[in-house]
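Just below is one structure, and these are the notes that go with it.
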Amino acid sequence: MIILMVVMFGLPFFSVENYSIISNTTSHLGSQFAPNASIMNITFIIMGTACIIESRQFLKTYWVHQVLLIVFGLGLIFSGVFRHSPIIVVQNYDVMHDRLHSIFASLVGFSFVLLSFSASFIEVNPRNAFINALIGLLATLFSILMAFYPQYAGIIQRVMFIMSFTWLHLFLTRRI
Numbered sequence: 011m012i013i014l015m016v017v018m019f020g021l022p023f024f025s026v027e028n029y030s031i032i033s034n035t036t037s038h039l040g041s042q043f044a045p046n047a048s049i050m051n052i053t054f055i056i057m058g059t060a061c062i063i064e065s066r067q068f069l070k071t072y073w074v075h076q077v078l079l080i081v082f083g084l085g086l087i088f089s090g091v092f093r094h095s096p097i098i099v100v101q102n103y104d105v106m107h108d109r110l111h112s113i114f115a116s117l118v119g120f121s122f123v124l125l126s127f128s129a130s131f132i133e134v135n136p137r138n139a140f141i142n143a144l145i146g147l148l149a150t151l152f153s154i155l156m157a158f159y160p161q162y163a164g165i166i167q168r169v170m171f172i173m174s175f176t177w178l179h180l181f182l183t184r185r186i
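Going from the sequence shown to the numbering used here is simple: count from 1 and add 10.
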């Protein structure tokens, strides 16, 4: 998670000139023709790979949750492989890459929400079960807010990522 934090808050200083942490998402950092885009895309791939490894390590007896975390990880990996459309409008860019990126980014969101809600059913502590469901609800709310307020999508997504990966870390460490 530290890598993600450094990249999503540091890389904007080395991206396109008009990049804004407030309005531009992390997908824009890894977009086609963006300077240093490979750094963000490699970060997506690292985070996805880590999630797959952690699913095998911490969720051995919870196969549904393990599958959801693997799908989440694969979505992150393929979001890094296929690049978002360019921030700077250009005529010639790979539309298929952009569409595939959108599909896999959506898969990341859906699988995370399903994971957090379903995690409520394996918690012994009712407080943790409530928090798991709340995280799923907040992730859904943040996604809706990004759609309605695209001028704030970058900061909303960053808050959502911090919340989501912090929750994921805490959830997995309770499985030890």
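C-beta atoms are modelled at their ideal positions from N, C-alpha and C, and glycine is treated no differently. In this text the structure is predicted, and so the values were computed from the model without any measurement.
Between which two residues does the alpha helix (DSSP H) containing residue i stretch?
{"i": "Ser112", "result": "Val105 to Ala129"}
{"i": "Leu78", "result": "Trp73 to Val91"}
{"i": "Asn51", "result": "Ala47 to Phe68"}
{"i": "Ser153", "result": "Pro136 to Phe158"}
{"i": "Gln167", "result": "Ala163 to Thr183"}
{"i": "Met18", "result": "Ile12 to Gly20"}
{"i": "His94", "result": "It is not in any alpha helix (DSSP H) - His94 carries neither H nor E in the DSSP assignment."}
Kindly give me the distance between the Cβ atoms of residue i and residue j, rounded to whole angstroms, as I take these residues to be in contact under 8 angstroms.
{"i": "Phe187", "j": "Gly146", "result": "Only positions 11 to 186 of the chain appear in the structure, and residue 187 is not among them; the question remains open."}
{"i": "Gly68", "j": "Leu182", "result": "Note on identity: in this sequence residue 68 is Phe, with Gly being the wrong assignment. Contact flag correct, Cβ pair sits at about 4 angstroms."}
{"i": "Met170", "j": "Ala157", "result": "At roughly 13 angstroms, the Cβ-Cβ gap does not stay under 8 angstroms, so Met170 and Ala157 are not in contact."}
Are the Cβ atoms of residue i and residue j separated by less than 8 angstroms?
{"i": "Gly85", "j": "Leu117", "result": "yes"}
{"i": "Phe43", "j": "Val100", "result": "yes"}
{"i": "Phe92", "j": "His111", "result": "yes"}
{"i": "Ser187", "j": "Leu39", "result": "Only positions 11 to 186 of the chain appear in this structure, which leaves residue 187 out of reach."}
{"i": "Ser41", "j": "Ile97", "result": "yes"}
{"i": "Gly90", "j": "Ile63", "result": "no"}
{"i": "Ile201", "j": "Thr59", "result": "Beyond the ends of the chain as shown, which are 11 and 186, falls residue 201; an answer cannot be given."}
{"i": "Phe50", "j": "Leu21", "result": "For clarity, residue 50 is Met in the given sequence; the question names Phe instead. Against a cut-off of 8 angstroms, the Cβ pair of Leu21 and Met50 comes out as a contact."}
**Prompt:** For the region 153-166 against the region 131-141, are there 3 or more C-beta pairs whose distance is under 8 angstroms?
**Reply:** Segments in contact, no.
**Segment contact, 8 angstroms Cβ cut-off, at least three pairs: the region 31-44 with the region 157-168** = Taking 8 angstroms as the limit for Cβ pairs, the verdict is that the region 157-168 does touch the region 31-44.
**Prompt:** Looking at C-beta atoms only, is the number of pairs between the region 106-124 and the region 73-81 that lie closer than 8 angstroms three or more?
**Reply:** Because the criterion of three Cβ pairs below 8 angstroms is met, the region 106-124 and the region 73-81 touch.
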